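Enquirer: Got a structure for you, questions after.
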Amino acid sequence: MDILTLELLDVTVFQALLELRGLMADHPGEAMRIRGEDDLLRVNVTGFLEKQGRAVRVVRQGALWELQVAQASRPVPLVSTVAPAVRPVLLLRSAFAPGDRALGRRLLLDTLQQLEPGTPWLCLAHQAVELLEDPGAVAILESLKGRGIPVHVSAVSLAHSGLSTATFDQIPDEGWQKLLVRGGLSVL
1 MDILTLELLD VTVFQALLEL RGLMADHPGE AMRIRGEDDL LRVNVTGFLE KQGRAVRVVR
61 QGALWELQVA QASRPVPLVS TVAPAVRPVL LLRSAFAPGD RALGRRLLLD TLQQLEPGTP
121 WLCLAHQAVE LLEDPGAVAI LESLKGRGIP VHVSAVSLAH SGLSTATFDQ IPDEGWQKLL
181 VRGGLSVL
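Each residue of the sequence shown is one higher than the one before, starting from 1 at the first, in the UniProt record's numbering.
Listed below in C-alpha cells is the structure:
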C-alpha cells in the first residue's frame, strides 16, 4: 500500500493547513508524508500535527524537507467536543485588504461588532491605530468597551503614528507580541 503523500509547494500556511485537515479527515490516523520547502510552513504544519497527537519526524533533503507522520495508535478527531477558549484579538489594519478600502473598512468594523462576549481584549497595533481618527470606528470601539471587552492600543504604534488616545488604554507591546509568537491571539 502506498503511503499518503502531500506536496506543499507554492501554498500559503492557511492553504496548507486546509489541505492537511482535509487529508486527515478523509484518512484519519493513517501514516503520511508531507513535503515542502518553506520553513515557516514546516513549523506550522509540524505544530498542527503535534497538537493532533501525531508523531512527526523531519527529514531534510537539501532545500526541501519531508515530514514523516507515523500512523496514529487511534484516530484523533479534528473537531473537539470542548468549546475553544475565546482568544484576545489583535487588529493590525484599519481595513481588510486588498480591494476597495471603503468596503474593507466597513467589513472590518462589522466584524469587530461580532466579537463574542468574554473576549479578553482587543488591541490596535500597526495600521489599525488609524481607526482612532475615524469617529465611526471610535464609536464601535467604545461600544466594545461598554460590552466589557477592554480596548488597548500599542504604545509603539501610537508613538510612530504621532497619535494619542485618552479613551483607550495604551499598553506596552511586549505582552501582545509574546502571545502572538505563541499563537495565543486571533489576528485581524
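Glycine included, each C-beta is placed from N, C-alpha and C at the ideal position. Just so you know, these numbers come straight off a predicted model, no measurement behind them.
Check each candidate in LEU115, THR46, GLU66, LEU141 and name the one with the smallest Cα separation from ARG87.
Expert: For the residues LEU115, THR46, GLU66, LEU141, the minimum Cα distance to ARG87 belongs to LEU115.
Enquirer: Can you tell me the Cα-Cα spacing of ALA55 and ALA85, whole angstroms?
Expert: Each residue's alpha carbon lies about 25 Å from the other.
Enquirer: Give the straight-line distance between the Cα atoms of TRP176 and LEU90, rounded to the nearest whole angstrom.
Expert: Answer to the nearest angstrom: the Cα atoms are 8 Å apart.
Enquirer: Could you check if LEU9 is buried or exposed, using at least 16 other CB atoms within 10 Å of its CB as the buried criterion?
Expert: Its Cβ having fewer than 16 others within 10 Å, LEU9 is exposed.
Enquirer: Do THR5 and MET32 have their C-beta atoms closer together than 8 Å?
Expert: Cβ atoms of THR5 and MET32: closer than 8 Å.
Enquirer: Which residues in the same chain as ALA95 place their Cβ atom closer than 6 Å to its Cβ, once the five residues preceding and following it in sequence are excluded?
Expert: Same-chain partners within the cutoff: ARG101, GLY104, ARG105, LEU108.
Enquirer: Measuring CB atoms only, is the segment 116-131 touching the segment 150-158, in the sense that at least three cross pairs come out at less than 8 Å?
Expert: Yes, since at least three Cβ pairs between the segment 116-131 and the segment 150-158 fall closer than 8 Å, the two stretches touch.
Enquirer: Could you give the DSSP three-state label for SER186: helix, strand or coil?
Expert: SER186: strand per DSSP, three-state reduction.
Enquirer: From the DSSP output, which residues share a beta bridge with TRP121?
Expert: Bridge partners of TRP121: none, in fact.
Enquirer: How big is the Cα-Cα spacing for GLY22 and GLY184?
Expert: Cα-Cα distance, rounded: 24 Å.
Enquirer: Consult DSSP for residue 202 and reduce its assignment to one of helix, strand or coil.
Expert: A question about residue 202 goes unanswered here, because the residues of the chain that appear run from 1 up to 188.
Enquirer: Pick from PHE168, LEU163, LEU20: whose alpha carbon is nearest that of SER143?
Expert: Minimum Cα distance to SER143 is reached at PHE168.
Enquirer: Please check the pair THR165 and LEU132, which I expect to be a contact at CB under 8 Å, by giving their CB distance rounded to whole angstroms.
Expert: Rounded, the Cβ-Cβ distance is 6 Å, consistent with contact.
Enquirer: Is it right to say VAL58 is buried, meaning 16 or more other beta carbons lie within 10 angstroms of its own, or is it exposed?
Expert: It counts as exposed.
Enquirer: Per DSSP, GLY36 is paired with what?
Expert: Paired residue(s): LEU8, TRP65.
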